[in-house]
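Scroll down for the structure; my scribbles are underneath it.
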């Protein structure tokens, strides 16, 4: 027997035993042919792997390609060299902007990377009464998507209230579609901080995985209750890893990326999470196991996830197990050489319909948009003097939470003097041309310097958000983003200081990831220069409109109390000068 | 919230952590509602489980109901009290006798026990040129069965030669049907002693589980190569369990029964295997895990296998973890009380069509059937004197192997004097009325006393086999089985000494299992009284016709060399008196 390829003498990861053994690996066609300490076959090509480590291709089962602001073909070129060979993508953002057409524009792209898909379960993230999105995913769309064998799961179900409602809500009907499907799909959840009876109710509804931030307690409770754990960077604390180790939860754990920003992609994708897990104390064998075998099993991808006869020959060769940067990657039995897969100029033009580049249907900002006129509550007087008790979103230094505060702000001549209080104003321009409305919110602990940021990369509805403390800069940033037909714009003191165009639906770049990364780094730096403090300033600003992230958020319909899912007025109470 | 049932304060198996914790369990309807150290709900019924152990219902994913010579309803009543709540049955014997009609007669029976099914993959076990069976399972039958959602796997693929043949053999086409099915099913294998490149080839063909006898080496090699291990009693040696423990292979292991004889059922079913595993050194938590969670996962039965919210409420309560005899069993949330589910007289009459009771279409034996006339090879002379070199099956004291020996036997007046040599004669009567043929073999180390055994419970084709050393007893035993329309009959010195009727297809009893067990115990004892020495004399005799079990076997077509799958003549060579 002559095989196509033999890798000799590498330290090969033995999945079930979770250890490295010196082995020969034979590949024929797209699959592993055999594995043994010494293989007798002849081969077209022999590679000496003495002293190298050989791992199965990494499998990322919870991630969003749009978080990298790019499209599948460019994403594929970017992550394959990291040894990532399979992902399960939830094209949630494309669905929010374009609906089914957006999802299909991703699924139609041919890639070297194996990309499977989850069905976006919450598009819009809440309901049309709370936010205006471009697309919607209902039962009909779910049923259509389920026909595609690349659909492996329903993506992050998050609406707890609707999920456990005694009424047959949309999410319950969507779950029924998935459960009634001939080919079973997994039901993936998003349930941060859910515990006790509420967690049990969530799981009873059929959703049995969670990728949100975990604690040492939550990993035990969720495992006990039959919930699979997808650990992303923020869950990979020493405490969580110690709990996973102490209770031997590994078979119930997969490592995932969820979101990788374009300017972080240079540092790796799932391999970066593996590296982090090991750095934080996870034994390397367990980290490999949880990024290859357990994710494959969770998604019923029995044809991959280990180096064994008959499995798809996805693997990567590493010099060492500290950096997790492979020296060679094989996808479906073929060496993946980045130089054979270069970015093609204007490639996106052929991958997306022309109309995907003209998707901003709101008007240009005017400086007067940022003047908040406010009546005196009891009398209905305008042009009054006094103060107003307003709801304020307070930026945190870590994560996407905006703490809900209230604050008295002076009112002069009927105008809210938010600038005097060191606050920033946030304005959402409904961008789909459905209502044309503007909504307003106030933010504390945002900028210490004068400036503004505008973006359409604004979860989950991706309306045009602008925040700032200077009407001139705010208008300028807004107009810049409008001109680019989407992206990020930063303005300070009358000048655009940084920008990153995302012309495809206002959320995806048509440029190579390296150029986008440079642009976004600049945007990030300029936002930080304005004094915005957060572990990820891009994500923090982009989730000001995310109505499923606590506590107070702003959609095109107004301020939303996330817990109660109710719209709040900007001004709760007023008091005239005497008060 | 008011639930239906709460079990309080038991030591409840926590599956992922693989340990017992003191917990309350709430059940609503057919499912677990919640689990926690203290549950706040009110309940219709509360049960104090202080000091008791609570385990998920046991799940047996490789077994044959026909091995217990009974039918699904009686089997269900028998095993539920043992805490077995789900099985995956391969109705291989019913298929060999009746084809699809046989499988459906089992699947149509309503049972309290959840019975899923595997598709019999090898019916007949070899090919119609080597044996005559009643039914056949081809592509059309496989496709039809795949439509039923209770079909979870293709059962024990065993024909290695056909499986790896470059031609598109039947088994390869059957596997294609399974792999192309919208709802994926598991491909289960039967590959005793396969190793190295041959094992890899078997796995490459897609078959990735094995339930045959394992060794300390095979469990490691098979796990490394991605093969799931189903360990039955004969694999649960100290050496195998030590290897499983040393390499932490548990997540890749399920405990299974395969075959449980009716007279062994009193001692338990899968609970007996769990008990044995623990006795042989497997930690009790691992044994429970491997008989609940791992089998459920292997068969993609995600709705069961652990005590967790939303799963089917199957559990059993135990006083201790030595005997594995539950004191209470709950199936789908309801207490299973054996007294509510008693055997119904003549029940089988309504469960099977009338023609299933008239299935023996061979003639009565005559004493002259057992006179073996043999020509002198070179000359073709009859009525000659000399000796003949014959192929002989040698009984082993353990297992189903018949060692292939050759032996010179005297020939007098052209008749083979097998009795003089202390041999037994085996005769197979083709029973389906297709050929009406008889075939002959010789057995060494069978009986030391005079007597005969006849049976239609004769794997896999279930033709009528008679073995013995006395033509009178042989004819008597054969006629007794014919009169019963199937079963076991033992005769000695002119008298029937024991019998067990199996009137449904000659393989299944219509009686309560307790009565059948008594009858079969008597048969077993009488066979042992004849001097037959084997760890399971019933199984040893019943596999004389099993052409996939080594080394020399006898079908209705003649002696079969199992390794080469070729038919051998009874007499290989002759020598006249001078030689």
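Residue numbers (this note's numbering), protein chains in the order written: chain A, -5 to 573; chain B, -5 to 573. Every residue gets a Cβ at the ideal spot worked out from N, C-alpha and C, and that includes glycine. Please read these numbers as outputs of a predicted model, since none were measured by experiment.
Identify whether residue 576/B lies in helix, strand or coil by the three-state DSSP scheme. Nothing about residue 576/B can be reported from this structure: the residues present for chain B run from -5 to 573 only.
For residue 543/A, would you say it is in contact with chain B, using Cβ-to-Cβ distances shorter than 9 Å as the test? Not closer than 9 Å to any Cβ of chain B, the Cβ of residue 543/A fails to qualify, so no.
Answer with yes or no whether the minimum CB distance from residue 28/B to chain A is below 9 Å. Chain A has a Cβ within less than 9 Å of the Cβ of residue 28/B.
Between the C-alpha atoms of residue 32/B and residue 186/A, what's the straight-line distance to the nearest angstrom? Straight-line spacing of the CA atoms in residue 32/B and residue 186/A works out to 23 Å.
DSSP-derived helix/strand/coil call for residue 202/B: Residue 202/B falls in the coil class under three-state DSSP.
With burial defined as no fewer than 16 other Cβ atoms inside 10 Å of the residue's Cβ, what is the status of residue 336/B: buried or exposed? That one is exposed.
Taking residue 554/B and residue 564/B to be in contact with their CB atoms under 8 Å, please state how far apart those CB atoms are, rounded to whole angstroms. Contact doesn't hold; Cβ gap of about 12 Å is too wide.
Using only CA atoms, which one of 172/B, 347/B, 304/B, 465/B lies nearest to residue 192/A? Of 172/B, 347/B, 304/B, 465/B, the residue nearest in Cα terms is 304/B.
Since residue 245/B meets chain A, which of its residues come closer than 7 Å, beta carbon to beta carbon? Residues of chain A whose Cβ lies closer than 7 Å to the Cβ of residue 245/B are, in chain order, 245.
So what's residue 465/B in DSSP terms, helix, strand or just coil? Helix at residue 465/B.
Comparing the C-beta of residue 80/B with each C-beta of chain A, is any distance below 9 Å? Closer than 9 Å to the CB of residue 80/B there is not a single CB belonging to chain A.
Along the beta strand (DSSP E) that carries residue 166/B, what are the first and last residues, could you check? Note, residue 166/B: premise wrong, no beta strand (DSSP E); alpha helix (DSSP H) at 164 to 174.
Which residue spans inside the region 456 to 519 of chain A form an unbroken beta strand (DSSP E) run of at least 3? You should have 458 to 462, 481 to 486, 489 to 495.
Buried versus exposed call for residue 429/A [16 or more other C-beta atoms within 10 Å across all chains shown]: That one is exposed.
Skipping 5 residues on each side, what residues in its chain have a beta carbon closer than 7 Å to that of residue 361/B? Once the five neighbours on either side are set aside, the close Cβ partners of residue 361/B are 465, 466, 469.
Does the region 430 to 448 of chain A touch the region 495 to 504 of chain A, meaning 3 or more C-beta pairs lie closer than 8 Å? Verdict: no, contact absent.
Determine the direct distance from the alpha carbon of residue 232/B to that of residue 14/B, and round the result to whole angstroms. Our two residues, residue 14/B and residue 232/B, have alpha carbons roughly 24 Å apart in a direct line.
Cβ-based burial, residue 529/A [other Cβ within 10 Å; buried from 16]: Sixteen is the threshold: since fewer than 16 other Cβ atoms of the shown chains lie within 10 Å of the Cβ of residue 529/A, the residue is exposed.
Mind reading off the beta-carbon distance from residue 52/A to residue 79/A? Whole number of angstroms is fine, and I expect it under 8 Å. Contact flag correct, Cβ pair sits at about 7 Å.
Flag residue 111/B as yes if its beta-carbon sits less than 9 Å from any beta-carbon of chain A, otherwise no. Judged by the 9 Å Cβ criterion, residue 111/B is not in contact with chain A.
Taking only beta-carbon atoms, is residue 197/B less than 9 Å away from chain A? Interface residue, yes.
Between the Cα of residue 570/B and those of 410/B, 521/B, 415/B, spot the shortest distance and give me the residue it belongs to. Residue 410/B holds the alpha-carbon nearest to the alpha-carbon of residue 570/B among 410/B, 521/B, 415/B.
Name, in chain order, the residues that DSSP records as bridge partners for residue 435/B. The bridge partners DSSP lists for residue 435/B are 420/B.
Starting from the beta carbon of residue 305/B, find every residue of chain D whose beta carbon is closer than 7 Å, and list them in chain order. The structure shown contains no chain D; the protein chains it does contain are A and B.
Reduced DSSP secondary structure (H/G/I, E/B, other) of residue 65/B: Residue 65/B falls in the coil class under three-state DSSP.
Curious, which full-length beta strand (DSSP E) runs of at least 3 residues does the region 41 to 110 of chain B contain? You should have 47 to 50, 52 to 57, 78 to 84.
Where does residue 573/A sit, in a helix, a strand or coil, going by DSSP? Here the model assigns residue 573/A a pLDDT of 47, short of 50, so the residue's position is not dependable and the matter cannot be decided.
To the nearest whole angstrom, what separates the beta carbons of residue 425/A and residue 356/A, a pair I think is in contact under 8 Å? The Cβ separation is near 5 Å, so the contact holds.
Kindly say whether residue 10/A, judged by its beta-carbon, lies nearer than 9 Å to any beta-carbon of chain B. A Cβ of chain B is located within less than 9 Å of the beta carbon of residue 10/A.
I need the straight-line Cα distance from residue 422/A to residue 538/A, nearest angstrom please. Between residue 422/A and residue 538/A, the C-alpha separation is close to 10 Å.
Excluding the 5 residues flanking residue 1/A on each side, which residues of the same chain have their C-beta closer than 6 Å to its C-beta? If we look at residue 1/A and ignore the five residues flanking it on each side, its Cβ neighbours are 19, 41, 43.
Measure the beta-carbon distance from residue 418/A to residue 463/A and round it to whole angstroms, keeping in mind my assumption that it falls under 8 Å. Confirmed, Cβ separation roughly 5 Å.
Got a sec, what are the start and stop residues for the alpha helix (DSSP H) residue 288/A sits in? Looking at the DSSP string, the run of the alpha helix (DSSP H) that includes residue 288/A is 287 to 292.
Whose Cβ in chain A lies nearer than 9 Å to the Cβ of residue 442/B? Those do not exist, as residue 442/B stays about 47 Å from chain A at its closest Cβ, beyond 9 Å.
Evaluate contact between the region 67 to 81 of chain A and the region 519 to 528 of chain A, counting only Cβ atoms and requiring at least three cross-stretch pairs below 8 Å. No, they do not touch.
Excluding the 5 residues preceding and the 5 following residue 91/A in the sequence, name in chain order all residues of the same chain whose CB lies nearer than 7 Å to its CB. For residue 91/A, where only same-chain residues beyond five positions count, the Cβ hits under 7 Å are 128, 129, 353, 456, 499, 500, 501.
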